[in-house]
Every structure is written in structure tokens, then in C-alpha cells.
Amino acid sequence: MSINAATSTNTENQPSAVLNTDHPFWQIIRTVPDFPKVGIDFYDITPLLRSHVDAVIDALLAALPEGCLDEVDCLGAVEARGFVFASLLAGHLGKGMILLRKPGKLPPPVANKAYALEYGKDTLEMQNNLPPERVLLVDDILATGGTLNTAYELCRSAGHTVVGALVLLDLVALHGAFPVPVYTVLKA
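Numbering of the sequence shown is given in our numbering, commencing with residue 7 and proceeding in unit increments.
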């Protein structure tokens with residue numbers, strides 16, 4: 007399987023119009039129509055994790071510009087599937103993680119922030135007593151940007167510097183600009 011990474015950044019941190027729907031991962035990802043509610047296509051990335059983990063790690067790392075990881079102290083793992091990718095990368099890179107979780111999952115003290123999803127509302131929490139670090143946010147899919155923007159805001163409010171975000175799949179038509187560069191493997 008060849009690796010064809012793409013970034014969704016330009017000089018204004020705006021999504022690029024270039025889509026890469028011919029990437030070999032698309033042959034493995036399953037699209038589930040009308041899930042979790044009517045009108046939403048859910049991209050099931052779990053088949054990639056069953057038999058293509060090494061290729062996924064390689065593709066995520068290839069999506070980052072040279073030298074980016076030199077500026078990263080730890081990975082900001084966004085619940086829930088972001089945990090999977092951040093864990094794989096942290097183990098591979100020897101870097102730590104900060105968890106951004108649903109309410110009630112982390113011991114206090116925590117900071118939290120509510121946000122809107124494309125199909126409802128939610129809240130993220132993170133421990134707010136950690137020493138400041140340079141963080142690369144990691145998640146599976148960037149859709150409307152609510153979750154990733156909330157993760158960014160929580161990290162900043164806790165004194166961390168967010169150097170960028172890394173996602174497997176960027177649904178470019180669903181979100182606007184992001185305050186830091188977003189690096190991605192797939193775009194749709």
C-alpha cells in the first residue's frame with residue numbers, strides 16, 4: 007500500500023481544496039450511511055486498525071512536515087478514536103500524551119469546555135495541573151471542527167502551546183479555518 011499524505015494547511019491555515027479520494031486507504035474504510043443519524047455518512051476507520059496499523063502509523067508520520075516532531079513534547083489524544091492513533095504514535099515516537107476526555111473520566115482537577123457537534127452537543131475535559139508543554143493534537147476525523155477546536159482551546163487555557171493537529175481524515179467542506187496547521191492523510 008503506497009502512502010499518499012496531504013496537508014490541509016496553507017499560509018492562512020485554511021483547508022486546501024485538493025482532495026485525495028484515490029488513496030488506497032479508501033478501499034479499506036467503510037462508509038455507513040445515516041449513522042449516527044439520518045443525513046450523516048459515518049466513515050468507519052476500524053478496518054484500517056485490524057490489519058494495516060503499520061501503514062497507518064507510516065502515513066500519519068509522513069503527513070507531518072520535516073522537523074515538526076522536534077517541536078512537540080507530547081501528543082494531545084482526543085477521545086475516543088484519537089486515543090488509538092495518539093497511543094500508536096506515542097509508543098512509536100517515545101513521546102507522552104495528554105488525554106482530552108468526556109466528562110467524569112479524569113481525576114480532578116480538570117478544566118472543561120462544552121461544544122457543538124454536527125449531531126448534538128458534548129463536553130471535553132483535561133487535567134489542568136500539568137506542566138506546560140508543546141502539544142500536537144491527534145484525532146481520527148476532522149468534521150465540523152467542534153471537538154478539535156475545543157481540544158485546542160482547553161490545551162491553551164491550561165498553558166500548553168498547540169503546534170498543530172494531526173488527523174487521519176479531513177472532511178474539508180464541513181469546517182472553516184483552524185488556528186494552527188492541520189496535517190492529514192485523507193481528505194474528502
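We treat Cβ as the ideally placed atom computed from N, Cα and C, and that holds for glycine.
Just so you know, these numbers come straight off a predicted model, no measurement behind them.
For V188, the closest C-alpha among the options P71, L94, F31 and I35 is that of P71. In the structure shown, the three-state DSSP call for V169 is strand. Distance check between K111 and each of A92, V84 and P137 places V84 closest, using alpha-carbon atoms only. Note that the C-beta distance between L95 and I147 is not below 8 angstroms. Between the region 75-91 and the region 139-156, the count of Cβ pairs shorter than 8 angstroms is three or higher; the stretches touch. Ranking I34, Y49, Q33 and W32 by CA distance to the CA of D40 puts Y49 first.
H98 and G73 have their C-alpha atoms roughly 16 angstroms apart. In the DSSP assignment, E159 falls outside any beta strand (DSSP E) and within the unbroken alpha helix (DSSP H) covering G152 to S163.
A straight line joining the alpha-carbon of T153 with that of N118 spans about 12 angstroms.
Spanning the alpha carbons of L130 and F31 requires a straight line of approximately 29 angstroms. The beta-carbon distance between L180 and A157, rounded to whole angstroms, is 17 angstroms. This is too long to meet the 8 angstroms contact definition. If you ignore the 5 residues before and after A92, its C-beta comes within less than 6 angstroms of the C-beta of L81, A83, M103 and V144, all in its own chain and listed in chain order.
Rounded to whole angstroms, L66 and S57 show a C-alpha spacing of 16 angstroms. Sixteen is the threshold: since fewer than 16 other Cβ atoms of the shown chains lie within 10 Å of the Cβ of R36, the residue is exposed. Per the DSSP secondary-structure output, K119 pairs in a beta bridge with L130.
Counting only the Cα atoms, D176 lies some 15 angstroms from L123. Of the candidates L192, Q33, G45 and V44, the residue whose Cα lies closest to the Cα of P53 is Q33. Just so you know, the alpha carbons of K43 and K127 end up roughly 14 angstroms apart. The alpha-carbon of V90 is positioned some 19 angstroms away from that of Q133.
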